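Visitor: Protein sequence lines, in the order shown, are assigned to chains A and B. The opening position of the first sequence corresponds to residue 1 in my numbering, with each subsequent residue numbered one higher. The opening position of the second sequence corresponds to residue 90 in my numbering, with each subsequent residue numbered one higher. Just so you know, even glycine gets a beta-carbon here, dropped at the ideal spot from N, CA and C. Quick caveat, the model's predicted, so the values are computed rather than measured. The structure under discussion is supplied below as C-alpha cells; questions concerning it will follow.
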Amino acid sequence: MSVNAGEEKGIKETVRRFILSSIDFTYLDDDDNLFESGIVNSLFAVQLMTFIERTFSIEVGTDDLDIENFKSLNATTAFVLKKNGRRNG
Amino acid sequence: MGNLQSALPAEVSEASSRSFSMRHLLTDQQEVRHKNFKAFVTLNVEPVAEQWDREQRIPDSVISLLAKSGYLGCSLPPHYGGQGWDTVTFGLLNEALGRGSSALTGVLTVQAMVSIPLLKWGTKAQKEKWLPPLAKGEMIGAFALTEPSAGSDIQSLATGFIAEGDHFILNGHKKWISCAQIADVFLVFGKLDQRPTACLVPRDTPGLRVEPIRDMMGFRAAGLAELHFHDVEVPSANLVGKPGFALSHVAPIGLQYGRISTAWSGLGLLRGCFEESIAHAATRKIGNNTVGDIGMIRSLIAKMGTDLEAGSFLCHSACRAEDDHLPEVFEKTLMAKYFTSRAAVRAASDAIQIRGASGCHGSSPVSRYYRDAKIMEIIEGTTQIHEDILGKMFVDRAVRLGQ
Numbered sequence: 001m002s003v004n005a006g007e008e009k010g011i012k013e014t015v016r017r018f019i020l021s022s023i024d025f026t027y028l029d030d031d032d033n034l035f036e037s038g039i040v041n042s043l044f045a046v047q048l049m050t051f052i053e054r055t056f057s058i059e060v061g062t063d064d065l066d067i068e069n070f071k072s073l074n075a076t077t078a079f080v081l082k083k084n085g086r087r088n089g
Numbered sequence: 090m091g092n093l094q095s096a097l098p099a100e101v102s103e104a105s106s107r108s109f110s111m112r113h114l115l116t117d118q119q120e121v122r123h124k125n126f127k128a129f130v131t132l133n134v135e136p137v138a139e140q141w142d143r144e145q146r147i148p149d150s151v152i153s154l155l156a157k158s159g160y161l162g163c164s165l166p167p168h169y170g171g172q173g174w175d176t177v178t179f180g181l182l183n184e185a186l187g188r189g190s191s192a193l194t195g196v197l198t199v200q201a202m203v204s205i206p207l208l209k210w211g212t213k214a215q216k217e218k219w220l221p222p223l224a225k226g227e228m229i230g231a232f233a234l235t236e237p238s239a240g241s242d243i244q245s246l247a248t249g250f251i252a253e254g255d256h257f258i259l260n261g262h263k264k265w266i267s268c269a270q271i272a273d274v275f276l277v278f279g280k281l282d283q284r285p286t287a288c289l290v291p292r293d294t295p296g297l298r299v300e301p302i303r304d305m306m307g308f309r310a311a312g313l314a315e316l317h318f319h320d321v322e323v324p325s326a327n328l329v330g331k332p333g334f335a336l337s338h339v340a341p342i343g344l345q346y347g348r349i350s351t352a353w354s355g356l357g358l359l360r361g362c363f364e365e366s367i368a369h370a371a372t373r374k375i376g377n378n379t380v381g382d383i384g385m386i387r388s389l390i391a392k393m394g395t396d397l398e399a400g401s402f403l404c405h406s407a408c409r410a411e412d413d414h415l416p417e418v419f420e421k422t423l424m425a426k427y428f429t430s431r432a433a434v435r436a437a438s439d440a441i442q443i444r445g446a447s448g449c450h451g452s453s454p455v456s457r458y459y460r461d462a463k464i465m466e467i468i469e470g471t472t473q474i475h476e477d478i479l480g481k482m483f484v485d486r487a488v489r490l491g492q
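Structure representation (C-alpha cells):
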C-alpha cells in the first residue's frame, strides 16, 4: 500500500506536538534522538506509547519493543505507518 | 481512661461522609458495586483488621474470600477469568478495602502490579498459563523490584540474569516485597548484560529463599519479605517483555496500577479517619458541650473533609484517564497518590488528636491508620520522588509556555 505524503506529515506533526508538550524543548528535528539526548523523563517512554496507541488506534506489543521504533520523530512516524499497514516494515 | 468509644452509630457517620464520595461522578453500576464493596468490608474486614495487624498476617480464608468474590482479578478481561471492571471500579474496591485494612488492600495492589503488566507484555502462552490462576486468585503474585540498595534509585538494580541455553541463571537479593510471604509467583526485575529485564519466577523454584520481614511500623499484615536468589534457573519462556525494556515499559505499567491502588486505599483510610472523627466529635461530651463544639476540633475536621473531597476527584480523574487510555494518566495518578497519601497521614494524626488517649489505643482503628498512612507515603514511589517528578513537570511546562 502506498504512503500518502500528507498522511505521513500529519502523523509526524501530531507526534511532534505531543513530544514538545512533554519535554523542555521548543524545537525538535525529525531525526533528533529522544532517548540518547537525555531530554525525556522516566515516564516519557510509556506516555509516548500510550499516546500513539490511543491516537492512531494501534497496539504496541512485545515484538514492537525496539528502541529503533521510538528513538525519533521519523522513527515513530514510520512505526505508526507500519502498524497501520501503510508501509512495509 | 473510661469508655471513650463513640456512641454514634456507624451507619450515621458513614452517611455523613457519603456526600464526599463523588457519587455524582459514578455510574449507577459503579455506585452499586461500591456499596457492595463497603458491605463486604463491614462484614469481613473491619471486625478483624486489628487482629490481623497484631498477628501480622492475613488468614488464608480471607484471601480465599477475596478470590471467591472476584476481587483479585477484577481488572483482568473475562476471557482470562477476570471481571473486566473499569479502573474507576478497581479504585472504588481499593477505597472500600482501604477503609478497613491497608494491609489487605496490599494484596489487591500487588496482584494488579503483576497481572496488568503481564496482560500488556506477556506472550500468548504466558497469558494463557498465568492470567487465569491470577484472575481467580488461585495464585498470588508479588512485584519484586526493590533491593536493599535500589529503592528510589531503581536504575541501580544489582540483581542479575545470565543467559545459558534456553534459560537464565538468576542471582540477587530483593527486599521490602509486599505479600512475598504468601505469593506463588514473583515478577522479578534485574539486569541481563546491563539491560533491565523482567521475569516470572515461581515460588517453588530451587534456589529461591523467602525470608519474612516482621515488625514493620505499618502494613504489618501485608506479608513483606526478602527474596534471596542463588543460581535460580528460570526458563527463557518466563521473560516478560524484552531485555532492555523492563524499567521503561514493564515496571511503569505495574507501578501505575500500584499507585492507583495506593491512592484509593489512602482515600479509604482518609474516609475512615473522617468518619471516626465526626462520630467522636458529635458524641463525646465535655461539660455540656461535645468535642465538636470546639472550634479547633472543627478546624481539624474541616481540613479532613476537604482533603477527602479533593482526593476523591483526583483519584476519579486518574482512573478516568486510565480507562480512556490518555497519556496524561501517569501524571494524574502521581498527583492522586501524592495527595491522598499525604492527606491520609495528616488525617490520621488529627484523628488521633481529636480522640485523645483513646486514639492512641488499639480499641480505635485510628492508631493503626496512622502507622499505615505513613507507609503509603513511601510505597510505589516516595512523596519526595513524586514531588521531584511533578515539580519538574510543572516548571518545564511553565518554561515552555513562557517561550
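With burial defined as no fewer than 16 other Cβ atoms inside 10 Å of the residue's Cβ, what is the status of Ala391(B): buried or exposed?
Guide: Exposed, by the Cβ-count rule.
Visitor: Taking beta-carbon pairs under 9 Å, can you tell me which members of the region 202-222 of chain B lie near chain A?
Guide: Listed in sequence order: Lys209, Trp210, Gly211 and Thr212.
Visitor: Buried or exposed, going by whether 16 or more other CB atoms sit within 10 Å of the CB of Asp396(B)?
Guide: Classification of Asp396(B): buried, given that the 10 Å Cβ count is 16 or more.
Visitor: Looking at the structure shown, is Arg284(B) part of a helix, part of a strand, or coil, going by DSSP?
Guide: If DSSP states are grouped into helix, strand and coil, Arg284(B) belongs with the strands.
Visitor: Using a beta-carbon distance below 8 Å, is Glu13(A) in contact with chain B?
Guide: Not an interface residue.
Visitor: Are the beta-carbon atoms belonging to Leu28(A) and Leu73(A) less than 8 Å from one another?
Guide: Going by C-beta atoms, Leu28(A) is nearer than 8 Å to Leu73(A).
Visitor: With DSSP run on the structure shown, which of helix, strand or coil describes Phe318(B)?
Guide: Strand at Phe318(B).
Visitor: Can you check whether the CB of Leu358(B) is closer than 8 Å to the CB of Ala425(B)?
Guide: In this structure, Leu358(B) does not lie closer than 8 Å to Ala425(B) by Cβ.
Visitor: For Val274(B) and His113(B), I'd like the C-alpha separation in whole angstroms.
Guide: Distance between the alpha carbons of Val274(B) and His113(B): 39 Å.
Visitor: Output needed in chain order: residues of the region 40-54 of chain A with a Cβ under 8 Å from some Cβ in chain B.
Guide: Residues Asn41, Ser42, Leu43, Ala45, Val46, Gln47, Leu48, Met49, Thr50, Phe51, Glu53 and Arg54.
Visitor: Which chain A residues sit within Cβ distance under 9 Å of Ile342(B)?
Guide: The contacting residues are Val46.
Visitor: For Leu65(A), return the contacting residues in chain B, with the cut-off set at a CB-CB distance below 7 Å.
Guide: Result: Gly330, Lys331, Phe334 and His338.
Visitor: Tell me where the alpha helix (DSSP H) around Glu139(B) begins and ends.
Guide: Start and end: Ala138 to Glu144.
Visitor: Alpha carbons only, please: which of Lys127(B), Ser325(B), Met305(B) and Gly226(B) is nearest the one belonging to Gln215(B)?
Guide: The shortest Cα separation from Gln215(B) among Lys127(B), Ser325(B), Met305(B) and Gly226(B) belongs to Ser325(B).
Visitor: Does chain B have any CB closer than 8 Å to the CB of Thr62(A)?
Guide: By this cut-off, Thr62(A) is an interface position.
Visitor: Could you give the distance in angstroms between the alpha-carbon of Met228(B) and the alpha-carbon of Arg292(B)?
Guide: Looking at the two C-alpha atoms, the distance is approximately 11 Å.
Visitor: Would you mind giving the Cβ-Cβ distance between Gly230(B) and Leu223(B), rounded to the nearest angstrom? I have them listed as a contact below 8 Å.
Guide: Confirmed, Cβ separation roughly 6 Å.
Visitor: Counting contacts by CB-CB distance shorter than 8 Å, is Phe419(B) in contact with chain A?
Guide: By this cut-off, Phe419(B) is an interface position.
Visitor: Between Glu466(B) and Gly10(A), what straight-line distance do the alpha-carbon atoms span, to the nearest angstrom?
Guide: Near 43 Å, if we compare the C-alpha coordinates of Gly10(A) and Glu466(B).
Visitor: Per DSSP, what kind of secondary structure is His414(B) in: helix, strand or coil?
Guide: His414(B): coil per DSSP, three-state reduction.
Visitor: Since Asn33(A) is in the alpha helix (DSSP H), which residue starts that stretch and which ends it?
Guide: Here Asn33(A) belongs to no alpha helix (DSSP H), and DSSP marks it neither H nor E.
Visitor: Keeping to the same chain, check which residues put their C-beta closer than 8 Å to that of Leu193(B); ignore five residues upstream and five downstream.
Guide: Result list for Leu193(B): Val134, Ala138, Trp141, Ile147, Val151, Leu155, Leu186 and Ala310, in chain order.
Visitor: Under three-state DSSP, which class holds Thr212(B)?
Guide: Residue state, collapsed to three classes: coil.
Visitor: Apart from the five residues on each side of it in sequence, which residues of its chain come closer than 7 Å, Cβ to Cβ, to Ala314(B)?
Guide: Ile266, Ala269, Gln270, Val299, Glu300, Pro301 and Ile302.
Visitor: Going along the chain, which residues of the region 139-156 of chain B sit with their C-beta nearer than 9 Å to a C-beta in chain A?
Guide: So nothing in the stretch comes that close.
Visitor: In three-state terms, what does DSSP make of Lys167(B)?
Guide: According to the sequence displayed, residue 167(B) carries Pro and not Lys. Reduced to three states, the DSSP call for Pro167(B) is helix.
Visitor: Using a Cβ-Cβ cutoff of less than 7 Å, which residues in the same chain neighbour His319(B) once the five nearest sequence positions on both sides are dropped?
Guide: Correct list, in chain order: Asn260 and Gly296.
Visitor: On a Cα-Cα basis, can you pick out the residue from His405(B), Val196(B) and Thr294(B) that is closest to Gln119(B)?
Guide: For Gln119(B), the nearest C-alpha among the options comes from His405(B).
Visitor: Along the chain, where does the beta strand (DSSP E) containing Trp265(B) start, and where does it finish?
Guide: Its beta strand (DSSP E) spans residues His256 to Ile266.
Visitor: Between the region 57-68 of chain A and the region 329-345 of chain B, do three or more beta carbon pairs fall short of 8 Å?
Guide: Cβ pair count under 8 Å is three or more, so yes.
Visitor: Which of the three DSSP states is assigned to Met1(A) in this structure?
Guide: Confidence at Met1(A) is low in this model, with a pLDDT of 48, below 50, so its placement is unreliable and no value can be given for it.
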